[in-house]
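Undergrad: Below is a structure I'd like to ask you about.
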Amino acid sequence: MPRTSQHTRQILLWAWVSLLLGSLLWPLAAPGELLLRDMAVVDDPALSLSALGFGDLPSRNAPQDGVLALLGLPGLIPVSWVVRVLLVAAGLAGAWGAMQLGRAQFAATTVALYNPFVVERLLQGHWSLVLAAWLLPLVVALRAHPRAQIVAMWAASLTPTGAVIAGVVAVVTSRRRVLTSVFVLLAWLPWLVPALLSTPTSGGAQAFSVRAEAGVGTIGTVLGLGGIWNAGAVPASREAGFAVAGVVLFVVLLAGVRNCPPALLILGVVGLVAALGTWALPGFTSWLVTHVPGAGLFRDSQKLLMLAIPAYVSMAAGLNRPLQWAAVVLALLQVPDAPREVQALRPSSSNTAELAELAAGRDVLIVGAPTLVLRDDDLPVVDPRAKAVSLVESGELRVDGIITDPPSPRWTEAVDAWSHRDLDRLRELGVGVVIEGENVVETGAGPQRGWRFHLGLGLTVFWLLLPWGLVLIRRRQR
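Heads up, our numbering is the position in the sequence shown plus 736, with the first residue counted as 1.
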């Protein structure tokens, strides 16, 4: 290809990538905090036990919440804008990675950035999971450069699920598996240590298993990378029959299977089978979640489909020209209404500054506070006060009227102590402030700064410094 034509192609390719990312992230250009379903990104998050993975609930957001809290300490940049930058950077980096996997670059970038998994997770508020999914092609593309690959894996490990998936992808593709494995395990520590020191979560696996979408059944939904458990996070087009395009896309992608490394094919099959297995065997999945520390990460079994994303992108990159454009069209047809649906991401305000000032770092019990609150447009969101202050969290979760997660023990004990106005017991539980309606009571307990806080803080800082470990290793080798 002449140099001029190649340059023009690259301009068009990056313009296409920008269009794809813009179509999914455009609401985030508006000012405000990011509040939607499981996403509660406030501008000044608290550096609390919960943020560091040692709170009342399982450490599903470590090191993410701790990192954001540390980045918010200087007060120079609102944390919600840090998240915006991270998402855009991950999308661009993932697109570049997809381009390196084969000649069909338009198909590869489209499949990597614009798929049902990404759209449904954005609508569920799982921004760091989307970040990890977008970085997976980059992890594969850097397989010949172990240190750079480790940095890509590290970036994806901001969330525990991303840490596991990106870690597995990195290890099976790396040319220096021992070095990569060591750094993968180190990147897991901020969530793995709290998980090992806490009680495994309850069951509820059936409520979170993959969900069939219209016209394709459960198997077809999984092949198209859809099937999130929450029907509220599913775009309308997926329930109008457009999920069929995902099944057709899967068949088209098989034409590029020769371009896909065997290790990625195996991972893809494992991801698809495992996601279907949790749906077919809910009893066994519930047992794993209940008895195996850390297994609760994949109670939400659609997450396992992330293992298939590198294979899908690699196969897309290997398509010939006619099929490449067919793949682009089919990928878009899977979720044609995504640009409209993501308007639910539009920022809003948590109005938590006054509460944070009152709390002054102390644990706060808000009597009668629900786990989920409603935005002005009646969309649910995890209570943002749990991010702005060190909140005593219930964590009770109901799915279709069924309690999948019972209230946390400390919350139950604190509510019982308050019902008896037992301030001594509240102090023992570490509760510094109790709020019931307009009534505010201070118990005399200060901020919790015991060994768990310092361990969590140390693990979070350690995670932030991990890339520098590669620099030290390289200097010693010289």
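Note that CB positions come from ideal geometry on N, CA and C, so glycine has one too.
Give me the residue from C996, A948 and M835 with the minimum Cα distance to S1050.
TA: For the purposes of this step, residue 1050 is taken as residue 314 along the sequence shown, with counting starting at 1. It is C996.
Undergrad: Cβ atoms of L859 and V866: under 8 Å apart, would you say?
TA: For the purposes of this step, residue 866 is identified with residue 130 of the sequence shown, where counting begins at 1. For the purposes of this step, residue 859 is identified with residue 123 of the sequence shown, where counting begins at 1. Going by C-beta atoms, V866 is not nearer than 8 Å to L859.
Undergrad: Residue ranges of each alpha helix (DSSP H) run of no fewer than 4 residues wholly in the segment 943–1019, ordered along the chain?
TA: Whole alpha helix (DSSP H) segments, 4+ residues: 953–959, 980–989 and 998–1016.
Undergrad: Should A805 go down as buried or exposed, given a rule of 16 or more other Cβ atoms within 10 Å for buried?
TA: On the sequence shown, position 69 is the one that residue 805 refers to. Answer is buried; the Cβ neighbour count reaches 16.
Undergrad: Between which residues of its own chain and T954 is the CB-CB distance below 8 Å, once the five residues before and five after are set aside?
TA: One-based indexing of the sequence shown puts residue 954 at position 218. Same-chain partners within the cutoff: V946, R947, A948, G963, L1012 and W1015.
Undergrad: Near V905, what residues of its chain come up, given a Cβ to Cβ distance below 7 Å and the 5 sequence neighbours on each side ignored?
TA: Counting from one through the sequence shown, the residue named residue 905 turns up at place 169. The answer, listed in chain order, is L872, V875, V876, L1003 and P1046.
Undergrad: Counting only runs of 4+ residues fully inside the segment 1018–1051, write out the alpha helix (DSSP H) ranges in chain order.
TA: The segment 1018–1051 contains these whole alpha helix (DSSP H) runs: 1018–1027.
Undergrad: By DSSP's criteria, S1086 is part of a beta bridge. Which residues make up the other side?
TA: Position 350 of the sequence shown, counted from the start, is the residue given in the question as residue 1086. Paired residues: none, contrary to the question.
Undergrad: If you pair each beta-carbon of the segment 1048–1067 with each one of the segment 907–927, do three or more pairs fall below 8 Å?
TA: Taking 8 Å as the limit for Cβ pairs, the verdict is that the segment 907–927 does not touch the segment 1048–1067.
Undergrad: Could you compute how far the alpha carbon of A950 sits from the alpha carbon of A776?
TA: Mapped onto the sequence shown, residue 950 falls at position 214. Mapped onto the sequence shown, residue 776 falls at position 40. One C-alpha to the other measures close to 30 Å.
Undergrad: Taking G1168 as part of the beta strand (DSSP E), name the residues at either end of that continuous run.
TA: Within the sequence shown, residue 1168 is the residue found at index 432, counting from 1. V1167 to E1172 is the extent of the beta strand (DSSP E) around G1168.
Undergrad: Out of A1181, W863, P1116 and E1149, which one is the CA nearest neighbour of S893?
TA: Taking the sequence shown and counting its residues from 1, one reaches residue 893 at position 157. Here the closest residue by C-alpha is W863.
Undergrad: Using beta-carbon positions only, say whether V1071 and V1128 come within less than 8 Å of one another.
TA: Counting from one through the sequence shown, the residue named residue 1071 turns up at place 335. Counting from one through the sequence shown, the residue named residue 1128 turns up at place 392. It is not a contact, given that the beta carbons lie outside the stated cut-off.
Undergrad: With DSSP as the reference, please indicate the residues paired to I1139 in a beta bridge.
TA: Along the sequence shown, read from residue 1 onward, the residue named residue 1139 stands at position 403. Answer by DSSP bridge pairing, in chain order: R1134.
Undergrad: According to the Cβ coordinates, are R1121 and I1102 closer than 8 Å?
TA: Mapped onto the sequence shown, residue 1121 falls at position 385. Mapped onto the sequence shown, residue 1102 falls at position 366. Taking 8 Å as the Cβ cut-off, R1121 and I1102 qualify as a contacting pair.
Undergrad: Could you spell out where the beta strand (DSSP E) holding L771 opens and where it closes?
TA: What you label residue 771 is simply residue 35 of the sequence shown in a count that begins at 1. It spans L770 to L772 - the beta strand (DSSP E) in which L771 sits, taken as one unbroken run.
Undergrad: In the DSSP assignment, find the unbroken alpha helix (DSSP H) run with D1160 in it and report its ends.
TA: By 1-based counting over the sequence shown, the position of residue 1160 is 424. Element bounds for D1160: L1159 to E1164.
Undergrad: Less than 8 Å between the beta carbons of P926 and L1033, yes or no?
TA: Here residue 926 refers to the residue found at position 190 when the sequence shown is read from its first residue. Here residue 1033 refers to the residue found at position 297 when the sequence shown is read from its first residue. No; because the gap between Cβ atoms is not below 8 Å, this pair is not in contact.
Undergrad: Between V1100 and G956, what straight-line distance do the alpha-carbon atoms span, to the nearest angstrom?
TA: What you label residue 1100 is simply residue 364 of the sequence shown in a count that begins at 1. What you label residue 956 is simply residue 220 of the sequence shown in a count that begins at 1. Distance between the alpha carbons of V1100 and G956: 46 Å.
Undergrad: Buried or exposed for W1199, going by 16 or more other Cβ atoms inside 10 Å?
TA: As a first step, residue 1199 must be located in the sequence shown, where it is residue number 463. Burial call: buried.
Undergrad: For the alpha helix (DSSP H) that contains A751, what are its first and last residues?
TA: Walking along the sequence shown from the start, residue 751 turns up at place 15. Segment R739 to L761, the alpha helix (DSSP H) holding A751.
Undergrad: Which same chain residues end up closer than 6 Å to I1171 when comparing Cβ atoms and leaving out the 5 residues on each side of it in sequence?
TA: Numbered from 1 along the sequence shown, position 435 holds the residue referred to as residue 1171. I1102.
Undergrad: For L1041 and F842, which I take to be in contact (beta-carbon distance under 8 Å), what is that distance rounded to the nearest angstrom?
TA: Mapped onto the sequence shown, residue 1041 falls at position 305. Mapped onto the sequence shown, residue 842 falls at position 106. Their Cβ separation, rounded to whole angstroms, is 23 Å, which puts L1041 and F842 out of contact at 8 Å.
Undergrad: Would you report the Cα separation of A1067 and A981, rounded to the nearest angstrom?
TA: Here residue 1067 corresponds to residue number 331 of the sequence shown, with the count starting at 1. Here residue 981 corresponds to residue number 245 of the sequence shown, with the count starting at 1. Cα-Cα distance, rounded: 7 Å.
Undergrad: In angstroms with no decimal places, state the Cα-to-Cα distance between I1139 and P1018.
TA: What you label residue 1139 is simply residue 403 of the sequence shown in a count that begins at 1. What you label residue 1018 is simply residue 282 of the sequence shown in a count that begins at 1. Rounded to whole angstroms, I1139 to P1018 spans 16 Å at the Cα level.
Undergrad: Flag this pair as touching only if the segment 1147–1156 and the segment 795–814 have three or more C-beta atom pairs under 8 Å; answer yes or no.
TA: Taking 8 Å as the limit for Cβ pairs, the verdict is that the segment 795–814 does not touch the segment 1147–1156.
Undergrad: In terms of residue numbering, what span does the alpha helix (DSSP H) encompassing P1145 cover?
TA: Here the question's residue 1145 lines up with position 409 in the sequence shown. Counting along the chain, the alpha helix (DSSP H) containing P1145 begins and ends at P1145 to S1155.
Undergrad: May I ask you to verify whether the segment 1158–1165 touches the segment 1176–1189, counting CB pairs closer than 8 Å and requiring at least 3?
TA: Yes, the segment 1158–1165 is in contact with the segment 1176–1189.
Undergrad: Let's test the definition: count the other Cβ atoms within 10 Å of the Cβ of S741 and tell me whether it reaches 16, buried, or not, exposed.
TA: For the purposes of this step, residue 741 is identified with residue 5 of the sequence shown, where counting begins at 1. Looking at its Cβ environment, which holds fewer than 16 other Cβ atoms inside 10 Å, S741 is exposed.
Undergrad: CB-CB under 7 Å to E856, same chain, minus the five flanking residues each way: which ones, in chain order?
TA: Taking the sequence shown and counting its residues from 1, the one referred to as residue 856 is at position 120. Within the same chain, E856 has close Cβ partners G962, I964, A969 and V970.
Undergrad: To the nearest angstrom, report how far apart S786 and F986 are at their CA atoms.
TA: The residue you call residue 786 lines up with position 50 of the sequence shown. The residue you call residue 986 lines up with position 250 of the sequence shown. When rounded, the distance between both Cα atoms is 40 Å.
Undergrad: Excluding sequence positions up to five away, which residues of its chain have a Cβ less than 6 Å from the Cβ of R883?
TA: Residue mapping note: residue 883 aligns to position 147 of the sequence shown, counting from 1. Excluding residues within five positions, the ones whose Cβ falls inside 6 Å are L1206.
Undergrad: From M835 to L822, what distance separates their C-alpha atoms?
TA: Here residue 835 refers to the residue found at position 99 when the sequence shown is read from its first residue. Here residue 822 refers to the residue found at position 86 when the sequence shown is read from its first residue. The alpha-carbon atoms of M835 and L822 are separated by roughly 20 Å.
Undergrad: If the criterion is Cβ atoms closer than 8 Å, does the pair V1125 and L1159 meet it?
TA: Start at 1 with the first residue of the sequence shown, and residue 1125 comes out as number 389. Start at 1 with the first residue of the sequence shown, and residue 1159 comes out as number 423. No.
Undergrad: With DSSP as the reference, label A892 as helix, strand or coil.
TA: Along the sequence shown, one-based indexing puts residue 892 at 156. Three-state DSSP puts A892 in a helix.
Undergrad: Report the rounded CA-to-CA distance for Q1060 versus G838, giving the unit in angstroms.
TA: Looking up residue 1060 in the sequence shown gives position 324. Looking up residue 838 in the sequence shown gives position 102. Cα-Cα distance, rounded: 11 Å.
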